[in-house]
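Student:
Number of protein chains: 6
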Amino acid sequence: MRLSPPGKLRFQQTQQFDITFGGAEANVAIGLSYLNEPSSIISCVPDNPIGKQALHFFQGHGVDVQHIQQTGDRLGIYYLENGALSRSSQVVYDRDHSAFGTLPTGSIDWEKIFEQADWLHWSGITPAVSASAAALTLEALKAARKAGVTISTDLNYRHKLWNYGIPPNEIMPELVEYCDVIIGDVNASKVFFDLAVPGWRFTMDPDYEKYQQFVSLLMQRFPQCKTVAITHRGSLSASDNRWSAMIADREQFKHSPIHELNGIIDRIGAGDSFTAGIIYGLRNFGTDLQKTINFAAATSALKHSILGDASLLSVEEILPLMEGDSSGRVAR
Amino acid sequence: MRLSPPGKLRFQQTQQFDITFGGAEANVAIGLSYLNEPSSIISCVPDNPIGKQALHFFQGHGVDVQHIQQTGDRLGIYYLENGALSRSSQVVYDRDHSAFGTLPTGSIDWEKIFEQADWLHWSGITPAVSASAAALTLEALKAARKAGVTISTDLNYRHKLWNYGIPPNEIMPELVEYCDVIIGDVNASKVFFDLAVPGWRFTMDPDYEKYQQFVSLLMQRFPQCKTVAITHRGSLSASDNRWSAMIADREQFKHSPIHELNGIIDRIGAGDSFTAGIIYGLRNFGTDLQKTINFAAATSALKHSILGDASLLSVEEILPLMEGDSSGRVAR
Amino acid sequence: MRLSPPGKLRFQQTQQFDITFGGAEANVAIGLSYLNEPSSIISCVPDNPIGKQALHFFQGHGVDVQHIQQTGDRLGIYYLENGALSRSSQVVYDRDHSAFGTLPTGSIDWEKIFEQADWLHWSGITPAVSASAAALTLEALKAARKAGVTISTDLNYRHKLWNYGIPPNEIMPELVEYCDVIIGDVNASKVFFDLAVPGWRFTMDPDYEKYQQFVSLLMQRFPQCKTVAITHRGSLSASDNRWSAMIADREQFKHSPIHELNGIIDRIGAGDSFTAGIIYGLRNFGTDLQKTINFAAATSALKHSILGDASLLSVEEILPLMEGDSSGRVAR
Amino acid sequence: MRLSPPGKLRFQQTQQFDITFGGAEANVAIGLSYLNEPSSIISCVPDNPIGKQALHFFQGHGVDVQHIQQTGDRLGIYYLENGALSRSSQVVYDRDHSAFGTLPTGSIDWEKIFEQADWLHWSGITPAVSASAAALTLEALKAARKAGVTISTDLNYRHKLWNYGIPPNEIMPELVEYCDVIIGDVNASKVFFDLAVPGWRFTMDPDYEKYQQFVSLLMQRFPQCKTVAITHRGSLSASDNRWSAMIADREQFKHSPIHELNGIIDRIGAGDSFTAGIIYGLRNFGTDLQKTINFAAATSALKHSILGDASLLSVEEILPLMEGDSSGRVAR
Amino acid sequence: MRLSPPGKLRFQQTQQFDITFGGAEANVAIGLSYLNEPSSIISCVPDNPIGKQALHFFQGHGVDVQHIQQTGDRLGIYYLENGALSRSSQVVYDRDHSAFGTLPTGSIDWEKIFEQADWLHWSGITPAVSASAAALTLEALKAARKAGVTISTDLNYRHKLWNYGIPPNEIMPELVEYCDVIIGDVNASKVFFDLAVPGWRFTMDPDYEKYQQFVSLLMQRFPQCKTVAITHRGSLSASDNRWSAMIADREQFKHSPIHELNGIIDRIGAGDSFTAGIIYGLRNFGTDLQKTINFAAATSALKHSILGDASLLSVEEILPLMEGDSSGRVAR
Amino acid sequence: MRLSPPGKLRFQQTQQFDITFGGAEANVAIGLSYLNEPSSIISCVPDNPIGKQALHFFQGHGVDVQHIQQTGDRLGIYYLENGALSRSSQVVYDRDHSAFGTLPTGSIDWEKIFEQADWLHWSGITPAVSASAAALTLEALKAARKAGVTISTDLNYRHKLWNYGIPPNEIMPELVEYCDVIIGDVNASKVFFDLAVPGWRFTMDPDYEKYQQFVSLLMQRFPQCKTVAITHRGSLSASDNRWSAMIADREQFKHSPIHELNGIIDRIGAGDSFTAGIIYGLRNFGTDLQKTINFAAATSALKHSILGDASLLSVEEILPLMEGDSSGRVAR
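Chains as they are written, first to last, in the UniProt record's numbering: chain V, 1 to 332; chain E, 1 to 332; chain A, 1 to 332; chain P, 1 to 332; chain D, 1 to 332; chain U, 1 to 332.
Have a look at this one:
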């Protein structure tokens, strides 16, 4: 559950929280649902009205919730204060002891789940929550591999979350080895895999040569991986960003145009909407990586205009921007 | 009635609609009322509390409502989702079978109305609503001409609305022939009158030469017309636009400066506020078309800062921008 | 008390006012409280629930309210309509006859107050309210000087307020002579002291040479003054500004970088947050005026992202921007 | 202007005020407008956006505002905290120095106003505001008498308001002598006219015998008076009341049934809605005082279900309760 | 879609509508979903964002929407103003030309639908919408009978809706003949079937003898009918009601206790929640009609505490009231 | 932190939570602050913006927060859904692992705290939170006894909270032995002390004889105890209650009148406001227990009219009801 002061209010000013529900994988699931790709969340919420609020939210957005168990003590929370100008958005995590983080291995019937699925997506946030969540992730990956479903991951490093004692570089490498598609991240790769391109400094717009080297290193390190996709955010301020993305398989390296995002509504979940766009593209545009990266970049650029963690965007809404029309003219 | 999710929420996210009332001609009437030009709406709303809400709204903004009849089945609705960044605003029309659209000819005593009026304004949205509305428009124009009042029109082509069987090009030419002032539109003129300047492609800033040719064609086609005014919108995104305007009579062609509109609040009704500005200018600035176009462009540029369909702007508020001060400094 | 239509609504559109409390000196006090500098407001509110609302507000933000008396007739009000694009914010003052404005001299035990204080800040808005408020200010200044506390002032000229019969140039010079630190203002100095740099026209970005001459004139005029600080606002529109600041003592003249503020949330109180930053800097950064001006400029630049009159910013939040990082990246 | 915390919040809890506009006479005017009796307010608001908000409000509710002048310093305010259970509603007046209270005699062209009117209503709140308002009231009464219009008054004693030095018993008797219809009040009559029925103690339900004596005394005291009407409120709590009313001329004394009001939404303005009902009844039901009192009691009973000062009730909505159907069944 | 002014505001006062979605049958479906009885809506919404809002709402509440087609012109609307005290709630229908009302016979594959269902519920509102909706209902009933599913109906007479030319007494009798369970209504039975108990006048609490005669008449008239259930509402005011219910088969007649409902939140949809309770009871409590009627009466009594058309109540929440504990003590 | 859906919305319906802060002891502290009894909270919140929100709230209401430490992981939460009619309010606790619950013994300098205090109040909720909180409570009690401050407790049994392994009957007796004043509770006394009056069944209005026996048993069991006070709630529904209270010392037994509470706004925290009233009474009314119990019962009766956990009531507001005037007439 995400709790945010309305509009641009600071925590100290608000007497109300706007409620939405999310989480890296759930955001991808909702994003795919709006792209008409049926999706299902495998998770756990407590058997109380707050847990049911979460189910209500996901169901409303068309995501299958039959694999969300109702047990455990509490729903994980994060508090979000929306930034503006050069004032950063603030995230306060309150996710320890969540129902999901305490779900033990063996409590999910993976085999049955994968009978009706052909794709599994997970993110680096899941094993960051607790040791049991990391073990559960490994269990899922083994079952998914066995069932032959495609596996994607978003590395998603959150420094504040990895606090249960085992460092991420002892956990993530094994998990990522199962993945066919990696949503990469330069910083996460340094922390998780000690993998870095020498002499690379962050620039407002992407340095494609360096990114290409980075992808090569990542693909060398993970032989199972067939596709790597990465986003690049140039932050002028909390309100104004420049946004673009790249994709590569073992032969091609393609990048999207740069989207200028002035007057951002909500940038949380942009990466997850990108992942949804990548999964959609890989499933629908075949080997046309240029089309896939343009679609995913447009999806995630548009996500910045939507309040909440998830992208609620149809394919029809994404196509014009993907094809270069950023004008946002009234549809009437 | 216009129903919109608050702020930048999408339809799927909202549990509330903000209510406002408008319509092309009503927006002009409110705009004129704030410019201290008395105005009256000739229309029809159902005799139920929703119809009375509309009357309440117009009255509150100082518009005379004695010529709004209370009869018919329903108030026409349009739903508006406000866009942001490159996400377009969405308009969903639900105007069929509205009280106004079913008002028959003969039900309005035009003669009496025009005894106390010296200007009639109508827009291309009215005859788009229904065959009877088109007939009523013609009836009004004939009576207005007879009474010697000045007639202005805003061509206002809405593709989604013209769906009652008779194509606009069989209706609009006859109606426009009565008009002294035309708020022109390139696209509408193509559809309504098959009138186009060859080799003209849309550019972000206006191509004045082409516009001048366009005005010539329009004036040739409609000998009664004495003045043509046109706006030009360059859409960088749903949030950021460039806005300017032109005016011409049979001798002069004048254009306003270009207004940069970054962080638009609401662009719906900008054209109507422009019309209000034009009517104000023609009535108050005599033949000084430069002054008129600068005033109308400033009015409609400022409209983008106001939520709702109508411009609630006094002459005093418009003058600084009209004279080049766009700084928006605090008035204290 | 400040009453504002929510968001960007106009007065004519709203059925609700957002309530906040402020005033030039109170805003500085709150700003300092968030910078961990204990502060206390010396003022007066009526002994009714509205006065208590004000106390509640200041207390909540950590300001000491024991020196706010509860007597008098009414709480002063100002109404604020937030501007956007080139539509100016509107301020309507309703401050006459306020409890504070009618507090007589002799009603405050300055000696006791200054036993526990080492800094007194006042602004030009206080003597503008009434003759008694001006007399009270003089009384305070004499007592503060006697007690050896540092005195700062923000000139803050408000044309609409000075309406009780004595012109500001008969009052302000005497008061400012007591001050160690002046937050200067070109326009105010012209009105208050008839002090002006010849041939100086306003430019979007600051003309440092002219400002340096201006500071010299001001320091010559007020020998007690040790430090002058000034902000410079370049208004592209009500939404987009360029913001910077300068500071000088009798030896140095330093200026901050220019901050681009696109998508301003609320610019009211920016000057007061700047003052809070200056006071913080002078107390914590010693003679490093560059550090002080960068800190104060960053504080006030960030203030533009916060709704309400006061800056609710911790030192930790200000440092990144002060050190040049305007990216506003999510803190997670 | 009335400013209230939303719902049942206390002043100390709210960050927003709901805005509505009222005043004893204005409430009567709105109430009459909804009863299809054209009404006009004679008053004064400042020439600023807050004054215009008031005009907008009255116009929207169909009241003629052409006799509201725009001049003076400020709009009078009252703050209202809504009570519940046994917690009283709190009213904080901030009406001193209001535009209306400072309007001098001679500034209104009464003669012209009464050319188009046949009824003048005023209340005891008006002369309570200031000496000039009392003088203006007398001026109006003389002109009204001369023009032959019917005059009604609501005694409406507000202890907190009468504070400008002249006691009400030196002002009110002269004013009331002009009145044809008096909305009486036991407490006010004691204060204004030193008129009391001996041995009368307040009871939850009305003691009709005592009320009849009271009416006699009042009519003796004011020979011009033809009709007296009075309401009786039995307060079980701020939420639950019993409500009834009486009317008398020099021959008859009639009372309404008692209305049980459980779950009151807003009781402010109930007396004014009663006055509107009385005026409507006297104008439409002739000498049938029973009908008039039942109508006025039903109108004011229903007012308790409406937020804000004014009754927004049509005749059609009042008739069922007037005829004894209190069921409030859904109209569908 | 139901659009309501927030709280107890009147239409003339509101600038916002609260949005919820309902309809007699949809309300029953949601009610059953919260009782853990899987339910599915067979209907039609337009293929636009407003139609999708409806889908989102029903999905969120756990109802299957796969049989809701997306076609047609508009979503039917009703406006609801919530009453209080003796002020009635107002319903304004705007349902003509709705997507559902224009769906032709033959457009639904009933056979397939009934393969996975064992119960069909419809209400008298459906054939009231249009001739085609009536024909569709008949088609559904024939298919349901053929498939052997149990059929229930709620007579639900809405005078304002039956306006397409064929009177209800020419349509309803044939449709009701298919039903196993009838939620009866005295008024509807008079209009639809000309069936009445002589000498029966409405009383605040139910006259069980008369009701028993009424049930006998109804069961004689419809031999297929096995169970009849009826609610009885005694309206003290819009806020306070007395609520009870009866059930009968061909042998027993049982009634619930009377529930006192003081401080009603929303009474719309109470009948539908009763129907959900009846269906739940008949499916889970076997022939124990006393248990069924107590459960259904408790369900619908509790519905009055919930805003919106639907009852969001679990079995666990209903049991205490069903067993006589009306105390509503805090669950902690 | 308490998070509640606005108004009477259910968890499944809301997209916003109203935020307030409370806790048994904090509510008493706020209540006392409004009664002009200085109070200070000894507690712990995390050093993050959510913890600071809590500080801001308590400070705003005039409570001293210097003894609230800023450390630990999270702020405890409880979710509250407000009931109505016979629908119970729902409380969902999420308080495990809260900053306060993990504060170790030895971390608070009790000696210094009690130098400036003469009263310590604690409730049975504190030792319910965790073993360390129970130990901390004992530590506080010993230090308080040593410092000679008066000690009061509110037994406050919350079944859902006592879940850390040690049953309350092993912890509470030792703690209560230190107390001079006990806010008693029949159910809690059974669970904590196995203390019960034989043959006593709950009745809607209090059975004073049984209560007197209960007080005797309690006083026998706890020789240190000088005063016992108890409330009695008769719940007609979640909206309508009957409320009264009793107090006894070793000589007298006094009870308040019964308050009818129809249309309750918020009953949470009523017991805490009662405690504040008792403490106020014992400190201000000496041995006049009748006055004390009437004051405390009136305070807590009025609390039901206030949203949030705390009573925001001045002595002046309580006196009328204490003296028997429940009419809630408008104060103007």
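Every residue gets a Cβ at the ideal spot worked out from N, C-alpha and C, and that includes glycine.
Roughly how many whole angstroms lie between the Cα atoms of Y78/D and T20/D?
Tutor: 10 angstroms
Student: Is N169/V helix, strand or coil when you go by DSSP?
Tutor: Reduced to three states, the DSSP call for N169/V is helix.
Student: Name the one or two DSSP bridge partners that G234/E has.
Tutor: R242/E
Student: Please give the ranges of any beta strand (DSSP E) in the stretch 117 to 150 of chain V, keeping only runs that are unbroken, at least 3 residues long and fully inside the region.
Tutor: Taking only runs of at least 3 residues, the beta strand (DSSP E) segments lying wholly in the stretch 117 to 150 of chain V are 119 to 123.
Student: Please name the residues in the stretch 240 to 261 of chain A whose beta-carbon is closer than 9 angstroms to at least one beta-carbon of chain U, in chain order.
Tutor: Cβ contacts with chain U: none found.
Student: Buried or exposed for G60/A, please, with buried defined as at least 16 other CB atoms from any protein chain shown within 10 angstroms of its CB.
Tutor: buried
Student: What three-state label does DSSP hand H56/U in the structure shown?
Tutor: DSSP, read as helix, strand or coil, puts H56/U in helix.
Student: Just confirm the distance between the C-beta atoms of V191/A and Y157/A, as a whole number of angstroms; I'd bet it's less than 8 angstroms.
Tutor: That belief holds up - the Cβ atoms of V191/A and Y157/A are roughly 6 angstroms apart, short of 8 angstroms.
Student: What's the C-alpha gap between residue 335/P and I151/P?
Tutor: Lying outside 1 to 332, the shown extent of chain P, residue 335/P is not represented and no answer is given.
Student: Helix or strand or just coil, what does DSSP make of A297/U?
Tutor: helix
Student: What does a CB cutoff of less than 6 angstroms around R267/E pick up in its chain, not counting 5 residues either side in sequence?
Tutor: H304
Student: Can you tell me which residues form a DSSP beta bridge with E81/V?
Tutor: Q90/V
Student: Between H61/U and chain V, is any beta-carbon pair separated by less than 8 angstroms?
Tutor: no
Student: Check the Cβ-Cβ distances between G124/V and every residue of chain C, and say whether any is below 8 angstroms.
Tutor: Chain labels in this structure do not include chain C; the protein chains are V, E, A, P, D and U.
Student: Indicate whether at least one CB of chain P lies closer than 8 angstroms to the CB of H56/E.
Tutor: The beta carbon of H56/E falls within 8 angstroms of a beta carbon belonging to chain P, placing the residue at that interface.
Student: Distance, Cα to Cα, W119/D vs V186/D?
Tutor: 25 angstroms
Student: I41/V and E25/V look like a contact to me (Cβ under 8 angstroms); what is the Cβ gap, rounded to whole Å?
Tutor: Contact holds; Cβ gap of about 7 angstroms.
Student: On the DSSP bridge list, what partners appear for S43/D?
Tutor: I68/D
Student: Which whole-angstrom value describes the C-beta separation of P206/U and F193/U, a residue pair presumed to lie in contact below a C-beta threshold of 8 angstroms?
Tutor: Not confirmed; about 21 angstroms, so no contact.
Student: Go ahead and label R250/D buried or exposed: buried means 16 or more other beta carbons lie within 10 angstroms of its beta carbon, across all protein chains shown.
Tutor: exposed
Student: Report yes or no: do the stretch 25 to 35 of chain U and the stretch 275 to 288 of chain U share at least 3 C-beta pairs separated by less than 8 angstroms?
Tutor: Output reads yes: the stretch 275 to 288 of chain U touches the stretch 25 to 35 of chain U.
Student: Taking all protein chains shown into account, do 16 or more other C-beta atoms lie within 10 angstroms of the C-beta of Q13/D, making it buried, or fewer, making it exposed?
Tutor: buried
Student: Can you name the residues of chain E whose CB is closer than 7 angstroms to the CB of R10/A?
Tutor: I306 and L312
Student: Would you be able to state if there are at least three C-beta pairs under 8 angstroms between the stretch 105 to 118 of chain A and the stretch 79 to 88 of chain P?
Tutor: Contact check between the stretch 79 to 88 of chain P and the stretch 105 to 118 of chain A: fewer than three CB pairs, one atom from each, fall below 8 angstroms, which does not count as touching.
Student: I need the DSSP call for I306/E, collapsed to helix, strand or coil.
Tutor: coil
Student: Does V228/V get closer than 8 angstroms to chain A when you measure Cβ to Cβ?
Tutor: Not closer than 8 angstroms to any Cβ of chain A, the Cβ of V228/V fails to qualify, so no.
Student: Name the chain E residues that come within less than 7 angstroms of A84/V, Cβ to Cβ?
Tutor: Contacts between A84/V and chain E, judged by CB atoms closer than 7 angstroms, are missing: the closest CB pair is about 12 angstroms apart.
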